[in-house]
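Colleague: Here it is, the structure in full.
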Amino acid sequence: NVFFNAGYLEKAPPFDNVFSAQNKAYPNTVNEKVLAGEIGYGAKYRKFAANINAYYTTWINRPLTASVRNNETDEVFVYNIQGLRALHKGVELDFAYEIIPQKLKLEGLTSIGDWVWKTDSTTNFISEDNLSLDSPFSANGVHVGDAAQIQYGASVRYEPIKKLFFMVRGTYFGKN
């Protein structure tokens with residue numbers, strides 16, 4: 750089979766990007782926007798099946814929130830960054846091969862992505878005593894964190910009798 754998927758969605762930003770820890774609304778909060786496209790191919794035979802796909806996703810106004818402690822003053826600053834853009838693109842492959850039908854199966858996967866921030870923005874640093882400071886912030890070209898952009902995995906499954914199986918699985922996560 751051959752497939753193509755395209756989409757556009759808007760979603761509300763995370764709660765931490767709408768209200769501060771002091772329960773004050775951040776000004777000018779807008780929805781996140783996502784434009785996505787994907788194309789792929791899948792093949793299935795009696796003993797072998799595989800899928801490959803490529804994706805390209807643009808995030809518009811993807812906000813971030815985190816805290817930083819000033820080591821000299823021990824003051825904590827919370828930052829709220831609005832208006833960031835991110836580009837996620839990559840290729841994914843998975844397969845399954847029945848070495849011995851309904852007894853022994855080998856499965857594998859590969860996912861190689863390149864997710865980078867594509868914007869400069871202004872961040873609003875807010876201290877615990879609610880002082881605010883707007884500051885320029887550039888993440889342009891920095892890789893997006895919080896998720897592995899490279900994955901390799903494989904498993905072997907042995908089922909000696911129906912509904913009883915043993916499996917060994919390994920997965921490598923990289924470029925987090």
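One rule links them: number in our numbering = place in the sequence shown (from 1) + 749. Note that beta-carbon positions come from the ideal geometry of N, C-alpha and C, so glycine has one too. Just so we're clear, the structure is a prediction, and the values are computed from it rather than from any experiment.
#1: Please list the terminal residues of the continuous beta strand (DSSP E) segment that includes Arg818.
#2: Within a Cβ cutoff of 8 Å, which residues of the same chain sit near Asn766, ignoring the five residues on either side of it in sequence?
#3: Check the C-beta distance from Leu836 over to Thr807 and give it rounded, since I have them as a contact under 8 Å.
#4: Please name the residue or residues paired with Asn754 in a DSSP beta bridge.
#5: Is it right to say Pro762 is buried, meaning 16 or more other beta carbons lie within 10 angstroms of its own, or is it exposed?
#6: Which residues share a DSSP beta bridge with Thr859?
#7: My output table needs one value for Glu877: the three-state DSSP class, helix, strand or coil.
#8: So which of Ile849, Asn925 and Tyr805 has the shortest CA-CA distance to Asp895?
#9: Please report the distance separating the alpha-carbon of Gln851 from that of Leu913.
#10: Does the separation of the CB atoms of Lys793 and Tyr846 fall below 8 Å?
#11: Evaluate Gly923 with the Cβ neighbour count: other Cβ atoms within 10 Å of its Cβ, from every protein chain shown; 16 or more gives buried, anything less gives exposed.
#12: Kindly indicate the opening and closing residues of the beta strand (DSSP E) around Leu913.
#13: Taking its Cβ as the centre, do 16 or more other Cβ atoms sit within 10 Å of Gly862, making it buried, or is it exposed?
#14: Do you know whose CA, among Ile809, Ala798 and Val783, lies nearest Glu856's CA?
#15: Which whole-angstrom value is the C-beta distance of Val751 and Tyr805, which I expect to be below 8 Å?
#16: Where does the unbroken beta strand (DSSP E) through Tyr794 begin, and where does it stop?
#17: If you run the structure through DSSP and keep just helix, strand and coil, what is Asn889?
#18: What three-state label does DSSP hand Ala761 in the structure shown?
Modeller: Quick look at the numbers:
#1: Within the sequence shown, the letter at position 69 stands for residue 818. Segment Leu813 to Arg818, the beta strand (DSSP E) holding Arg818.
#2: As a first step, residue 766 must be located in the sequence shown, where it is residue number 17. Excluding sequence positions up to five before and after Asn766, its CB lies within less than 8 Å of the CB of Tyr775, Thr778, Pro812, Leu813, Thr814, Asn829 and Gln831, all in the same chain and listed in chain order.
#3: As a first step, residue 836 is located in the sequence shown; it is residue number 87 there, counting from the start. As a first step, residue 807 is located in the sequence shown; it is residue number 58 there, counting from the start. At roughly 6 Å, the Cβ-Cβ gap stays under 8 Å, so Leu836 and Thr807 are in contact.
#4: As a first step, residue 754 must be located in the sequence shown, where it is residue number 5. Beta-bridge pairing by DSSP links Asn754 to Glu787.
#5: What you label residue 762 is simply residue 13 of the sequence shown in a count that begins at 1. With 16 or more Cβ atoms within 10 Å of its Cβ, Pro762 is classed as buried.
#6: Here residue 859 refers to the residue found at position 110 of the sequence shown. Its beta-bridge partners are Leu842 and Tyr901.
#7: By 1-based counting over the sequence shown, the position of residue 877 is 128. With a pLDDT of 49 at Glu877, under the threshold of 50, the modelled position of that residue is not reliable, and the figure given next carries that caveat. In the structure shown, Glu877 sits in coil (DSSP, three-state: anything other than H, G, I, E or B).
#8: Along the sequence shown, one-based indexing puts residue 895 at 146. Checked all of Ile849, Asn925 and Tyr805; the closest Cα to Asp895 is Asn925.
#9: Residue 851 sits at position 102 when you count from the first residue of the sequence shown. Residue 913 sits at position 164 when you count from the first residue of the sequence shown. Inter-residue distance for Gln851 and Leu913 is about 11 Å (C-alpha atoms, whole angstroms).
#10: Position 44 of the sequence shown, counted from the start, is the residue given in the question as residue 793. Position 97 of the sequence shown, counted from the start, is the residue given in the question as residue 846. For the pair Lys793 and Tyr846, the CB atoms are not nearer than the 8 Å cut-off.
#11: Along the sequence shown, one-based indexing puts residue 923 at 174. Under this definition Gly923 is an exposed residue.
#12: Position 164 of the sequence shown, counting from 1, holds the residue named residue 913. Where Leu913 is concerned, the enclosing beta strand (DSSP E) stretches over Leu913 to Gly923.
#13: Walking along the sequence shown from the start, residue 862 turns up at place 113. Buried, by the Cβ-count rule.
#14: Counting from one through the sequence shown, the residue named residue 856 turns up at place 107. For Glu856, the nearest C-alpha among the options comes from Ala798.
#15: As a working mapping, residue 751 is identified with position 2 in the sequence shown. As a working mapping, residue 805 is identified with position 56 in the sequence shown. For Val751 against Tyr805, the beta-carbon gap comes to about 17 Å, at or over 8 Å, which does not count as contact.
#16: Counting from 1 along the sequence shown, the entry for residue 794 is found at position 45. Element bounds for Tyr794: n/a, residue is neither H nor E.
#17: For the purposes of this step, residue 889 is taken as residue 140 along the sequence shown, with counting starting at 1. When DSSP states are grouped into helix, strand and coil, Asn889 belongs to the coil group.
#18: Walking along the sequence shown from the start, residue 761 turns up at place 12. Coil at Ala761, not helix or strand.
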